[in-house]
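Enquirer:
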Amino acid sequence: MTPAHSLVCNSRRLNLHPSHPHTHTRTSIRSIFSTNQTAGITTSDQQQQPMLKSAGNMSKSILRQAKITPHRSGTRGHSDHGWLNSYHSFSFADWYNPNFTHFGSLRVLNEDRVKANSGFPTHPHRDFEIFSYILSGELTHRDSMLARGKEGGQSDKFYRMHRGDVQFTTGGTGIAHSEMNEHKTDTVHFLQIWAMPWKRGLAPRYHTKHFEEADKRRDFVTILSPLKGGEDATAQQENEAEPAIAGSIPIHADFAMGAGIIAPQAKFEWTVGAEATQETKRKVYVHLPMTKNGKAKIRLDGREDAELAEGDGAFIDGVKAGDKLAVESIGEVEAEVIVLDTA
Numbered sequence: 001m002t003p004a005h006s007l008v009c010n011s012r013r014l015n016l017h018p019s020h021p022h023t024h025t026r027t028s029i030r031s032i033f034s035t036n037q038t039a040g041i042t043t044s045d046q047q048q049q050p051m052l053k054s055a056g057n058m059s060k061s062i063l064r065q066a067k068i069t070p071h072r073s074g075t076r077g078h079s080d081h082g083w084l085n086s087y088h089s090f091s092f093a094d095w096y097n098p099n100f101t102h103f104g105s106l107r108v109l110n111e112d113r114v115k116a117n118s119g120f121p122t123h124p125h126r127d128f129e130i131f132s133y134i135l136s137g138e139l140t141h142r143d144s145m146l147a148r149g150k151e152g153g154q155s156d157k158f159y160r161m162h163r164g165d166v167q168f169t170t171g172g173t174g175i176a177h178s179e180m181n182e183h184k185t186d187t188v189h190f191l192q193i194w195a196m197p198w199k200r201g202l203a204p205r206y207h208t209k210h211f212e213e214a215d216k217r218r219d220f221v222t223i224l225s226p227l228k229g230g231e232d233a234t235a236q237q238e239n240e241a242e243p244a245i246a247g248s249i250p251i252h253a254d255f256a257m258g259a260g261i262i263a264p265q266a267k268f269e270w271t272v273g274a275e276a277t278q279e280t281k282r283k284v285y286v287h288l289p290m291t292k293n294g295k296a297k298i299r300l301d302g303r304e305d306a307e308l309a310e311g312d313g314a315f316i317d318g319v320k321a322g323d324k325l326a327v328e329s330i331g332e333v334e335a336e337v338i339v340l341d342t343a
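1 is the number of the first residue of the sequence shown in UniProt numbering; add one for each residue after it.
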C-alpha cells in the first residue's frame with residue numbers, strides 16, 4: 001500500500017482531512033515524503049562556558065568575511081491541511097522555490113504542528129538522515145525495526161517523545177515508520193530536518209535521546225555530530241554508533257546540530273564545525289522557531305541587518321571551522337535557537 005493510499009484508508013480514523021489553501025496540485029503523503037535528494041543548491045554558495053553580554057549595547061562583528069543572508073519566515077513555503085500546519089524553509093512536497101533547494105548537506109527544515117489524534121501514517125524513507133526536534137506536545141514513533149509490518153499504530157512497541165527529545169533515523173537501504181500525535185487534545189510542535197548522508201546504501205538505524213533544558217540554558221548543546229568512524233567506518237564502528245562529540249547523536253554526514261535557550265540580553269557563541277567536523281570551509285544555518293508568540297528575537301554576529309524574528313532563519317557563508325558565531329537574544333523573552341552546521 002502506498003503512503004497516499006494509507007492516508008486515505010486511515011483518514012476517517014485519524015481525522016486526516018487535509019485542506020488546501022493553495023491553488024497548486026493537491027498534496028499527498030507520497031509527495032510529502034518524496035523530496036528529491038539530488039536537487040542542486042542555488043542558495044548562496046563542546047559544551048563550552050556560556051558567554052553573556054548585554055544585548056542593549058550591540059557587539060561588533062567579528063566574522064567580517066562571512067556573508068549572512070536572512071531567510072524571512074514569510075518567504076518560507078506554507079501548507080495548512082487542517083490536521084497539519086507546516087512551514088518549509090527549503091523546497092518540499094508541492095512547494096518549490098529554486099532559491100531554496102538545499103544548503104550544503106541540509107535538505108529539509110520543516111516547522112510542523114500536528115493536531116491531536118492525527119499524524120503521518122506508515123511511509124517509507126531511504127538514503128536520508130532524518131531527525132525530529134520536539135518543541136512542545138508529544139509525538140509517537142513506530143518503525144519497521146521495532147515491529148516489521150506494524151508501524152502504523154498496531155504495535156505496542158513505540159517511542160513517545162516530548163519536549164527536549166530528539167528522534168533520529170538513518171533511512172539507508174529503506175525503513176518504514178509512522179509519526180502520530182496520539183494525545184487526546186494537545187497539538188505537537190516540532191522541527192523535522194533532513195540531511196544528505198555522505199554515501200547511500202547505509203544500514204537503517206534509529207536513535208532517540210533527551211537533552212536537558214538546563215544545559216541548553218547554559219550554552220549551546222551539541223545535538224548531532226558526525227559518526228566517529230567517518231565515511232569509511234567499519235561494521236563494528238557502525239554498531240558502536242559512537243559520535244565525534246560524546247553525548248550527541250551520531251550522523252552519517254559532515255554535519256553538526258546545536259541548540260540553545262538564550263535569556264534576554266544574553267549571548268551564546270557557536271564554534272563553527274563544533275570542533276568535530278572534517279571540512280574546514282563551512283556553511284551554517286540558524287533557525288529561530290515560533291515558540292514565544294513573536295516575542296523572541298536574536299541578532300547574529302552583532303549585525304543589525306542580521307536580526308531574526310520568530311520563524312526566520314539565516315544562511316551563513318564564508319566561515320571556517322573554529323570561527324565563533326555570536327548569537328544575542330534581543331527580544332522580550334528567551335530565544336530557543338537551532339544551529340545547523342554543514343560542509
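Positions of the beta carbon are idealized from the N, C-alpha and C atoms, including for glycine.
1) Under the DSSP definition of a beta bridge, which residues are partnered with H71?
2) Under a Cβ-count criterion, where at least 16 other Cβ atoms within 10 Å of its own Cβ denotes burial, should N293 be classed as buried or exposed?
3) What's the gap between the Cα of R142 and the Cα of I62?
4) For A66 and A314, what's the separation of their Cα atoms in angstroms?
5) Going by Cα to Cα distance, which pick from Q236, V284, P98 and S225 is closest to T69?
6) Is the beta carbon of A296 closer than 9 Å to that of E336?
7) I'd like the list of long-range same chain contacts for L135, defined as Cβ closer than 8 Å, with 5 residues on each side in sequence excluded.
8) Residue ranges of each beta strand (DSSP E) run of no fewer than 3 residues wholly in the segment 266 to 328, ordered along the chain?
9) By DSSP, does E213 sit in helix, in strand, or in coil?
10) With H, G and I counted as helix, E and B as strand and the rest as coil, what does DSSP make of A343?
11) How is Q236 classed by DSSP in three states: helix, strand or coil?
12) What's the C-alpha gap between V108 and A266?
13) How many Å lie between A309 and L227 at the Cα?
14) When we look at the beta-carbon of K216 and count the other beta-carbons within 10 Å, is it buried (16 or more) or exposed?
15) Could you round the C-beta distance between E242 and K199 to whole angstroms and report it? I think they count as a contact, below 8 Å.
16) Counting pairs of Cβ atoms below 8 Å between the segment 168 to 177 and the segment 118 to 128, do you hit three or more?
17) If contacts are defined as beta-carbon pairs under 8 Å, then R282 and K320 qualify, I think. What distance do you get, rounded to the angstrom?
18) To the nearest angstrom, how far is it from the Cα of E240 to the Cα of G331?
19) Inspect the beta-carbon positions of G260 and V333 and report whether they are closer than 9 Å.
20) If you drop the 5 nearest sequence neighbours on each side, which residues of the same chain put their C-beta closer than 6 Å to that of S86?
21) Rounded to whole angstroms, what is the Cα-Cα separation between G74 and D305?
22) Who are the Cβ neighbours of L84 in its own chain at under 6 Å, not counting the five residues just before and after it?
23) In whole angstroms, give me the CA-to-CA distance for N97 and M161.
24) If you run the structure through DSSP and keep just helix, strand and coil, what is R218?
25) Tell me the DSSP secondary structure of L202 in three-state form.
26) Measuring alpha carbon to alpha carbon, tell me which of L202, F100, E213 and A176 ends up nearest D165.
27) Taking the alpha-carbon of G119 as reference, which of H177, P197 and F100 has the nearest alpha-carbon?
28) Sorted by chain position, which residues of the same chain lie with C-beta nearer than 7 Å to I223's C-beta, five sequence neighbours on each side aside?
29) A253 and A195 look like a contact to me (Cβ under 8 Å); what is the Cβ gap, rounded to whole Å?
30) CA-CA distance, A116 and L139?
31) Which residues bound the beta strand (DSSP E) around S79?
32) Measure from the alpha carbon of E129 to the alpha carbon of each residue in S89, I175 and E275, then state which is nearest.
33) Mark E269 as exposed unless 16 or more other C-beta atoms lie within 10 angstroms of its C-beta, in which case mark it buried.
34) Determine the DSSP secondary structure at W83, reduced to helix, strand or coil.
35) In this structure, what does DSSP give as the bridge partners for M257?
Expert: According to the structure data:
1) By one-based count along the sequence shown, residue 71 stands at place 71. DSSP, once it has assigned bridges, lists G313 as partnering H71.
2) Along the sequence shown, one-based indexing puts residue 293 at 293. N293 should be labelled exposed.
3) Sequence index remark: in the sequence shown, residue 142 carries index 142 (1-based). Sequence index remark: in the sequence shown, residue 62 carries index 62 (1-based). The straight-line gap from Cα to Cα measures roughly 45 Å.
4) Taking the sequence shown and counting its residues from 1, one reaches residue 66 at position 66. Taking the sequence shown and counting its residues from 1, one reaches residue 314 at position 314. Rounded to the nearest angstrom, the two C-alpha atoms are 12 Å apart.
5) On the sequence shown, position 69 is the one that residue 69 refers to. Of Q236, V284, P98 and S225, the residue nearest in Cα terms is V284.
6) Stepping through the sequence shown from its first residue, residue 336 is reached at position 336. Stepping through the sequence shown from its first residue, residue 296 is reached at position 296. Result yes, Cβ atoms of E336 and A296 sit closer than 9 Å.
7) On the sequence shown, position 135 is the one that residue 135 refers to. Cβ within range, chain order: R163, H189, F190, L191, P289, T291 and E336.
8) 267 to 271, 281 to 287, 297 to 300, 307 to 309 and 313 to 320
9) Residue mapping note: residue 213 aligns to position 213 of the sequence shown, counting from 1. Residue state, collapsed to three classes: helix.
10) Sequence index remark: in the sequence shown, residue 343 carries index 343 (1-based). Here A343 sits in coil by DSSP.
11) Reading the sequence shown from its first residue, position 236 is the one you call residue 236. Helix, per DSSP.
12) For the purposes of this step, residue 108 is taken as the residue at position 108 of the sequence shown. For the purposes of this step, residue 266 is taken as the residue at position 266 of the sequence shown. When rounded, the distance between both Cα atoms is 29 Å.
13) Your numbering for residue 309 matches position 309 in the sequence shown. Your numbering for residue 227 matches position 227 in the sequence shown. Cα-Cα distance, rounded: 33 Å.
14) Stepping through the sequence shown from its first residue, residue 216 is reached at position 216. Counting Cβ neighbours within 10 Å, K216 comes out buried, since at least 16 surround it.
15) Residue numbering aside, residue 242 sits at position 242 when the sequence shown is read from its first letter. Residue numbering aside, residue 199 sits at position 199 when the sequence shown is read from its first letter. Rounded, the Cβ-Cβ distance is 18 Å, inconsistent with contact.
16) yes
17) Translated into positions along the sequence shown, residue 282 becomes position 282. Translated into positions along the sequence shown, residue 320 becomes position 320. Going by Cβ atoms, the distance from R282 to K320 rounds to 6 Å, so yes, they are a contact pair.
18) For the purposes of this step, residue 240 is taken as the residue at position 240 of the sequence shown. For the purposes of this step, residue 331 is taken as the residue at position 331 of the sequence shown. One C-alpha to the other measures close to 42 Å.
19) Taking the first residue of the sequence shown as position 1, residue 260 is located at position 260. Taking the first residue of the sequence shown as position 1, residue 333 is located at position 333. Taking 9 Å as the Cβ cut-off, G260 and V333 do not qualify as a contacting pair.
20) As a position in the sequence shown, residue 86 is number 86, starting the count at 1. These residues qualify, in order along the chain: S79, N110 and D112.
21) Taking the sequence shown and counting its residues from 1, the one referred to as residue 74 is at position 74. Taking the sequence shown and counting its residues from 1, the one referred to as residue 305 is at position 305. Straight-line Cα distance between these residues: approximately 17 Å.
22) As a first step, residue 84 must be located in the sequence shown, where it is residue number 84. For L84, where only same-chain residues beyond five positions count, the Cβ hits under 6 Å are V114.
23) Sequence index remark: in the sequence shown, residue 97 carries index 97 (1-based). Sequence index remark: in the sequence shown, residue 161 carries index 161 (1-based). Roughly 32 Å between the two C-alpha positions.
24) The sequence position of residue 218 within the sequence shown is 218, counting from 1. In this structure, R218 counts as helix in the three-state DSSP scheme.
25) Locating residue 202 in the sequence shown gives position 202, where the first residue counts as 1. Coil at L202, not helix or strand.
26) Locating residue 165 in the sequence shown gives position 165, where the first residue counts as 1. With distances taken between Cα atoms, D165 lies closest to E213.
27) Sequence index remark: in the sequence shown, residue 119 carries index 119 (1-based). Cα-wise, what sits closest to G119 is H177.
28) Sequence index remark: in the sequence shown, residue 223 carries index 223 (1-based). Within the same chain, I223 has close Cβ partners V166, F211, S248, I249, M257, G258 and A259.
29) If you number the sequence shown from 1, residue 253 lands on position 253. If you number the sequence shown from 1, residue 195 lands on position 195. Contact holds; Cβ gap of about 5 Å.
30) As a first step, residue 116 is located in the sequence shown; it is residue number 116 there, counting from the start. As a first step, residue 139 is located in the sequence shown; it is residue number 139 there, counting from the start. Roughly 10 Å separates the two Cα atoms.
31) Your numbering for residue 79 matches position 79 in the sequence shown. Note, S79: beta strand (DSSP E), G77 to D80.
32) If you number the sequence shown from 1, residue 129 lands on position 129. It is I175.
33) For this step, residue 269 is matched to residue 269 along the sequence shown. When all chains shown are included, E269 counts as buried.
34) Counting from 1 along the sequence shown, the entry for residue 83 is found at position 83. Here W83 sits in coil by DSSP.
35) In the sequence shown, counting from the first residue as 1, residue 257 sits at position 257. M257 is bridged to L224 and L340.
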